[in-house]
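This report concerns only the one structure given below.
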Ligand SMILES: Cc1ncc(COP(=O)(O)O)c(C=O)c1O
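Residue numbers (our numbering): 227 to 535.
Here it is in structure tokens:
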């Protein structure tokens with residue numbers, strides 16, 4: 227049998243071993259240690275945002291977002307019908323009704339022209355998903371949200387290092403969520419995520435929710451003399467070992483993405499003839515978007531063709 231092409235290969239730079247070992251030998255292996263802080267600062271600089279919080283997964287970051295925008299049973303949340311389960315689960319856990327909107331056949335992102343028809347008096351938030359790291363039509367989505375007083379939570383699980391009109395994905399909505407699962411461009415040792423807090427009203431509460439509903443972050447900053455339970459929350463803080471692994475990857479972020487883009491461009495140019503002959507459809511890149519080569523997909527006419535392929 228011929229060699230199989232793997233679905234994905236987790237990125238590995240060689241620096242991870244050293245950093246994880248250093249974290250193990252340090253005196254703090256729980257969350258928010260030196261590596262955790264280094265990663266968060268890296269993201270803040272790179273994405274041009276003021277607050278980022280590492281989380282154990284993108285799923286956890288989306289769950290935090292659902293708590294932050296105060297989803298109540300019966301609230302409606304709009305999202306694309308084509309996405310990963312976590313986008314919906316995070317809001318279903320808080321009792322929301324999910325209103326699915328079709329995707330555009332070109333980018334496979336939510337069809338922004340169909341969002342307004344899905345809004346009711348119960349709608350609380352829109353969750354655009356940047357499929358394959360290609361940005362949704364964010365100008366239009368932000369405009370709709372502003373006119374209807376809705377929150378926008380970007381599911382940017384696949385979108386690290388992608389931009390929309392020069393702005394980083396995840397930095398445009400009120401909140402943004404990223405994944406560092408092993409299938410993503412960067413991983414924090416297999417699982418991991420990041421919450422971006424763009425709307426200042428959520429800054430303090432985001433830290434509390436991540437620390438099991440306590441004001442422990444304030445305690446570490448010397449703002450209170452003991453920490454206590456002040457709100458709902460959960461265990462949304464990843465360990466220092468995960469952060470150390472991620473740190474090694476971020477140090478090589480440009481290199482990792484350049485290699486992905488090179489592979490993506492090669493697939494794209496080599497498969498163009500098949501597209502010209504009508505056999506397959508290649509990915510569409512929207513204007514104004516810089517993508518991160520997160521995924522290369524192709525579309526065929528139907529399930530039968532796909533299975534045969
Ligand atoms: C669009 C989308 N949202 C959420 C997630 C969940 O990410 P995680 O595995 O980090 O929880 C994924 C993971 O593949 C994803 O693709």
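Ideal placement from N, C-alpha and C gives every residue a C-beta, glycine not left out. Treat the numbers as computed from the prediction; the structure is a model and nothing was measured.
State buried or exposed for residue i, treating a residue as buried only when at least 16 other CB atoms are found within 10 Å of its CB.
i           : result
residue 449 : exposed
residue 319 : exposed
residue 551 : This structure leaves residue 551 out entirely; the chain is present only between 227 and 535.
residue 499 : exposed
residue 250 : exposed
residue 465 : buried
residue 350 : buried
residue 316 : buried
residue 311 : exposed
residue 237 : buried
residue 529 : exposed
residue 454 : exposed
residue 306 : buried
residue 380 : buried
Could you have a look at residue i and say whether DSSP puts it in helix, strand or coil?
i           : result
residue 225 : With the chain covering 227 to 535 only, the question about residue 225 has no answer from this structure.
residue 306 : strand
residue 280 : strand
residue 323 : strand
residue 513 : coil
residue 317 : helix
residue 246 : helix
residue 437 : strand
residue 488 : helix
residue 458 : coil
residue 495 : helix
residue 380 : strand
residue 311 : helix
residue 402 : strand
residue 390 : strand
residue 527 : coil
residue 291 : helix
residue 285 : helix
residue 351 : strand
Is it the case that the Cβ atoms of residue i and residue j are separated by a distance below 9 Å?
i           : j           : result
residue 383 : residue 410 : yes
residue 376 : residue 398 : no
residue 518 : residue 483 : yes
residue 403 : residue 265 : no
residue 415 : residue 439 : no
residue 394 : residue 273 : yes
residue 357 : residue 326 : no
residue 275 : residue 353 : no
residue 472 : residue 280 : yes
residue 300 : residue 286 : no
residue 360 : residue 336 : no
residue 391 : residue 514 : yes
residue 512 : residue 363 : yes
residue 260 : residue 462 : no
residue 235 : residue 389 : no
residue 412 : residue 479 : yes
residue 429 : residue 263 : no
Does the beta-carbon of residue i, which I'm using as the reference point, lie nearer than 8 Å to any heavy atom of ligand 2?
i           : result
residue 378 : Ligand 2 is not among the ligands present in this structure, which contains only ligand 1.
Is there a Cβ of chain B sitting closer than 9 Å to that of residue i, yes or no?
i           : result
residue 489 : Of the protein chains in the structure, only one exists, and it is not chain B.
Problem set entry | Three-pair Cβ contact test at 8 Å for the stretch 415-430 versus the stretch 274-294 | Contact annotation: the stretch 415-430 touches the stretch 274-294, with at least three C-beta pairs closer than 8 Å.
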